[in-house]
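Asks: Please read through the structure below; I'll follow up with questions.
There are 2 protein chains.
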Amino acid sequence: MYSSRNHRKKRMRTKAAETSKISERRLAARKTAAVEYEKRRARVLKAAAEVFKELGYSTATVDDVAKRAKIDRASIYYYFKGKKDLLREMVGGATAENVDMAEDIASSDRSPREKLRKLMVDLLVSYERHYPYLYVYVQEDMSRLLQDKSPWSKRMVALNHRFDVAVVQIIQEGLKSKAFRSTGDAKLIAAGVVGMCNWSHRWFEPSGKRRAAEIAETFADMVLDGLCS
Amino acid sequence: MYSSRNHRKKRMRTKAAETSKISERRLAARKTAAVEYEKRRARVLKAAAEVFKELGYSTATVDDVAKRAKIDRASIYYYFKGKKDLLREMVGGATAENVDMAEDIASSDRSPREKLRKLMVDLLVSYERHYPYLYVYVQEDMSRLLQDKSPWSKRMVALNHRFDVAVVQIIQEGLKSKAFRSTGDAKLIAAGVVGMCNWSHRWFEPSGKRRAAEIAETFADMVLDGLCS
DNA sequence: AGCGCAGTCAACACGGCTGTTGATTAACTG
DNA sequence: CAGTTAATCAACAGCCGTGTTGACTGCGCT
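If you read the protein sequences in the order shown, they are chains A and B.
Take the first sequence: its letters are residues 1 to 229, numbered as in my numbering.
Take the second sequence: its letters are residues 1001 to 1229, numbered as in my numbering.
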């Protein structure tokens, strides 16, 4: 269906056999062309992330993205399959990273206290580093994506679940070892901690005076030691 | 424009002069009719709230609402001006209540500690009581409604701001009196506390085993005394 | 000069959603 | 029965957003 548009794949197929000067120059030309291609593609993706974050995925139109990227709307369909594809690409990579991060922390040999602190810091720093890509994902409700039975949606839901499990695990360990004390169960506490971090999508700006790491430390202090310590 | 549809207003105009038996009967008939009208209207509104919460305001269609309410789509336009009107009605009243609540707490003579706890409990209980009406509001980002310059939007943004101010005030009082201790400033802490509560729109269900009040108490304990107390 | 190809852009088809209207039904009233 | 009125419903108009197509441009290569 989109075979005529897969320039990227075509370009990536390097021919190792040809080593003459001419073909080297060709290869170089193709490589720089490919780099340009990727640059423009990334620019469009960045524009899309901004627009999606500001307007919300369903409200934003492909034309909004085009205007932001200063490109013709139809050209976007040259770089991406469509609106959904835009969302998937911006969200996919970074999310998987975050899940790995959470699981690594959970299975590390730190104390529960330090695990939870590190989780919060790393999470917010990740939101900052990938701004605004990851916030688009945070903003869009997973339970809504569940309607869509596509493999991508399933994968995203699975990743989401693994993340939650890792957080709950950290809390549970803390409760069991009496490092943490609470009237609620681990899931509830996890919901509170994660919610505190995720709600930052409504107010955090990377250009603001506070770095994500500072914010996360303040939150961690609050959760771990309490305001009335 | 909609004059031919304002049955409700027409009905509400009671004629105190007529007191004969016949007119009394008429009045009674109209009253029960009006009650029925309000009931059906409320049913539609409830359906709309459910659909908006599940699908998101912009994704949901008026037809989705109609199907949920088991009514013809066009009939919805008999009861409401349109999709926006649906949103406004479900969100308007309860929000104002919440702001009053927050301001009352802030200006009461409790300790900062008890103010913050009560705020969290009352907020979550309100979300539970008005479920799912208020979560629709929490879900929809205010900064997006800002685009729309309607008086309603302005009022909502103003209410939102008053709420935030009240919360910050409580925290500030706590910090000043040394009842609270934190590395961050009042706004940041407020963002954390409010975020923790608001994120509940993603997972809280009134039919679940935990009441909102319990949840809020757990959260308050965590924030005030810390997990490592 | 002539070929090929990445990339752009105007124009179109299509579908879905909103809001309206006018006819129609059902229930009540005298 | 005839008149009135709330409420429903089928059908329609218009708009907006998506995705596609085919022609066009500009550039590098031979």
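Think of the CB as a built atom: it goes at the ideal place given N, C-alpha and C, for glycine as much as any other residue.
Computed from a predicted model, the values in this text were never measured in an experiment.
(1) With H, G and I counted as helix, E and B as strand and the rest as coil, what does DSSP make of cysteine 197(A)?
(2) Quick one: any contact between the segment 1103 to 1112 of chain B and the segment 1181 to 1193 of chain B, if contact means 3 or more CB pairs under 8 Å?
(3) Taking leucine 146(A) as the reference, give the member of Arg1040(B), Glu1054(B), Ala1048(B) with the closest Cα.
(4) In chain A, which residues lie less than 7 Å from asparagine 1098(B) when you measure between Cβ atoms?
(5) Does the beta carbon of serine 1200(B) come closer than 8 Å to any beta carbon on chain A?
(6) I'd like to know whether the C-beta of arginine 113(A) is nearer than 8 Å to at least one C-beta of chain B.
(7) Can you give the Cα-Cα distance for alanine 1069(B) and cysteine 1197(B), rounded to whole angstroms?
(8) What residues from the segment 198 to 228 of chain A come within 8 Å of chain B, judged by C-beta to C-beta, listed N to C?
(9) Check the Cβ-Cβ distances between aspartate 141(A) and every residue of chain B, and say whether any is below 8 Å.
(10) Counting only C-beta atoms, is isoleucine 1105(B) closer than 8 Å to chain A at any point?
(11) Below 7 Å on C-beta distance, what does alanine 1102(B) contact in chain A?
(12) What residue does the alpha helix (DSSP H) around serine 1075(B) start on, and which one ends it?
(13) Closer than 7 Å, Cβ to any Cβ of chain A: which residues of the segment 1047 to 1058 of chain B, in chain order?
(14) Under 8 Å, Cβ to Cβ, is there at least one residue of chain B near serine 182(A)?
(15) Measure the beta-carbon distance from histidine 201(A) to tyrosine 135(A) and round it to whole angstroms, keeping in mind my assumption that it falls under 8 Å.
(16) Does the beta carbon of leucine 188(A) come closer than 8 Å to any beta carbon on chain B?
(17) Can you tell which of Asp1072(B), Leu1123(B), Glu1140(B) has the C-alpha that lies nearest to the C-alpha of glutamate 1217(B)?
(18) Using the C-alpha atoms, what's the distance from serine 58(A) back to methionine 142(A)?
(19) I want to verify the contact list: residues of chain B whose CB lies under 7 Å from the CB of glycine 192(A), in sequence order.
(20) If you run the structure through DSSP and keep just helix, strand and coil, what is phenylalanine 52(A)?
(21) Is DSSP giving glycine 226(A) helix, strand or coil here?
(22) What's the gap between the Cα of alanine 1034(B) and the Cα of aspartate 1072(B)?
(23) Which residues in chain A have a C-beta closer than 8 Å to the C-beta of glycine 1174(B)? List them in chain order.
(24) Does the CB of arginine 144(A) have a neighbour CB from chain B at under 8 Å?
(25) Contact between the segment 1115 to 1129 of chain B and the segment 1077 to 1089 of chain B is defined here as three or more beta-carbon pairs at a separation below 8 Å; is this criterion met?
(26) Given that alanine 1166(B) touches chain A, what residues does it touch there, using C-beta distances under 8 Å?
(27) Is valine 1051(B) close to the ligand NAP? I mean its beta-carbon at under 7 Å from any heavy atom of the ligand.
(28) Starting from alanine 179(A), find everything on chain B with Cβ-Cβ shorter than 9 Å and list it in chain order.
(29) Please classify alanine 1102(B): does DSSP put it in a helix, a strand, or coil?
(30) Between lysine 46(A) and lysine 178(A), what straight-line distance do the alpha-carbon atoms span, to the nearest angstrom?
(31) Since methionine 101(A) contacts alanine 48(A) with CB under 8 Å, what's their CB separation in whole angstroms?
(32) If you follow the alpha helix (DSSP H) that arginine 117(A) is part of, which residue opens it and which one closes it?
(33) With DSSP collapsed to three states, give me the class of arginine 1162(B).
Replies: On the basis of the data shown:
(1) helix
(2) no
(3) Glu1054(B)
(4) Here the premise fails: no neighbours, minimum Cβ distance about 17 Å.
(5) yes
(6) yes
(7) 30 Å
(8) Asn198, Trp199, Ser200, Arg202, Trp203, Arg210, Glu214, Ile215, Glu217, Thr218, Phe219, Asp221, Met222, Val223, Leu224, Asp225, Gly226, Leu227, Cys228
(9) yes
(10) no
(11) Correct list: empty, because the minimum Cβ distance to chain A is about 17 Å.
(12) 1073 to 1079
(13) Leu1055, Gly1056, Ser1058
(14) yes
(15) 4 Å
(16) yes
(17) Leu1123(B)
(18) 14 Å
(19) Met1196, Phe1219, Met1222
(20) helix
(21) coil
(22) 20 Å
(23) Leu227
(24) yes
(25) no
(26) Simply none; closest approach about 17 Å.
(27) The ligand content of the structure shown is nil, which means the ligand NAP is not present either.
(28) Leu1227, Cys1228
(29) helix
(30) 45 Å
(31) About 25 Å separates the two Cβ atoms, so there is no contact after all.
(32) 112 to 129
(33) helix
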